[in-house]
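Enquirer: One structure follows; several queries about it will come next.
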Amino acid sequence: MPLADATSVSLTGPLFVTLGAIFFLGEKVRVRRWVALGAGVIGTLIIIRPGYAEISLGAILVLISAVMVAGSKLMAKSLSRTEGTMTIVAYLSLVMTFVTFIPAMFVWRTPTLIEIGWLVLIGALGSTGHLLVVRAYKYADVSAVEPVSFSRLVFAALAGYLVFGEIPDIWVWVGGGVIVAATSYIAHRETVAENARKKLGDIPT
12 MPLADATSVS
22 LTGPLFVTLG
32 AIFFLGEKVR
42 VRRWVALGAG
52 VIGTLIIIRP
62 GYAEISLGAI
72 LVLISAVMVA
82 GSKLMAKSLS
92 RTEGTMTIVA
102 YLSLVMTFVT
112 FIPAMFVWRT
122 PTLIEIGWLV
132 LIGALGSTGH
142 LLVVRAYKYA
152 DVSAVEPVSF
162 SRLVFAALAG
172 YLVFGEIPDI
182 WVWVGGGVIV
192 AATSYIAHRE
202 TVAENARKKL
212 GDIPT
């Protein structure tokens, strides 16, 4: 799958995370957050255009991955109430290493120096991303953080073009525009709400 397509399918994750936050974490999701989340989903559907393209095995696997990542984020949010950011990410990395070690043995080959460099970069970027997400969960509800993750699609489309020469079609840009608008809206509203809380005390957002 092209990078932008795979990323767009994975962005069903925020919907699973938000629903999980309601049922398992007891979060109250206000109308503005649902609007931002819904806009993000619409932007993703514009890019995927279900019914106009065959649903591949890759898309199904990415969707399953989105559900599993959503579960991981919900657990991270729950743990962030009592555990430190570094502790959560350290255990996450340790468990991932153990879980992936056995299947990796069946397809193992010694990487080249260039590949080692890429693997180190992937690990560094992934760990930094996890640190930032867990840190964000300490200061905001899951339902406030997740709509921002839709912006990944725009960056993925750009990276796919620059690194792999994958040219996004017009629908990627249209859907990406909707996603950026939703992300900007929720970021603005959360900033306004946070400033209001500081001045007037805790109020609903």
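Plus 11 on top of the position in the sequence shown (first one is 1) and you've got the working numbering.
Note that the Cβ used here is the ideal one computed from N, Cα and C, for glycine as well.
Can you give me the C-alpha to C-alpha distance between Glu157 and Phe35, rounded to a whole angstrom?
Expert: Their backbone Cα atoms lie some 16 angstroms apart in a straight line.
Enquirer: Suppose you measure from the CA of Gly140 to the CA of Lys210; what does that come to, to the nearest Å?
Expert: Each residue's Cα considered, the two are about 31 angstroms apart.
Enquirer: Just to confirm before moving on: does the CB-CB distance between Gly54 and Val189 stay below 9 angstroms?
Expert: The answer is yes: Cβ separation under 9 angstroms.
Enquirer: What residue range does the alpha helix (DSSP H) around Ala115 cover?
Expert: Taken as a continuous stretch (DSSP letters only), the alpha helix (DSSP H) holding Ala115 covers 96-116.
Enquirer: Roughly how many whole angstroms lie between the Cα atoms of Asp180 and Ala168?
Expert: Approximately 10 angstroms, taken between the alpha carbons.
Enquirer: Quick one: Cα of Ile33 to Cα of Asp152, how far?
Expert: For Ile33 and Asp152, the distance between alpha carbons rounds to 10 angstroms.
Enquirer: Check whether the Cβ of Ala115 lies closer than 9 angstroms to any Cβ atom in chain C.
Expert: In the structure shown, chain C does not exist; there is a single protein chain.
Enquirer: Ser91 to Ala81, Cα distance in whole Å?
Expert: Cα to Cα, Ser91 sits roughly 15 angstroms from Ala81.
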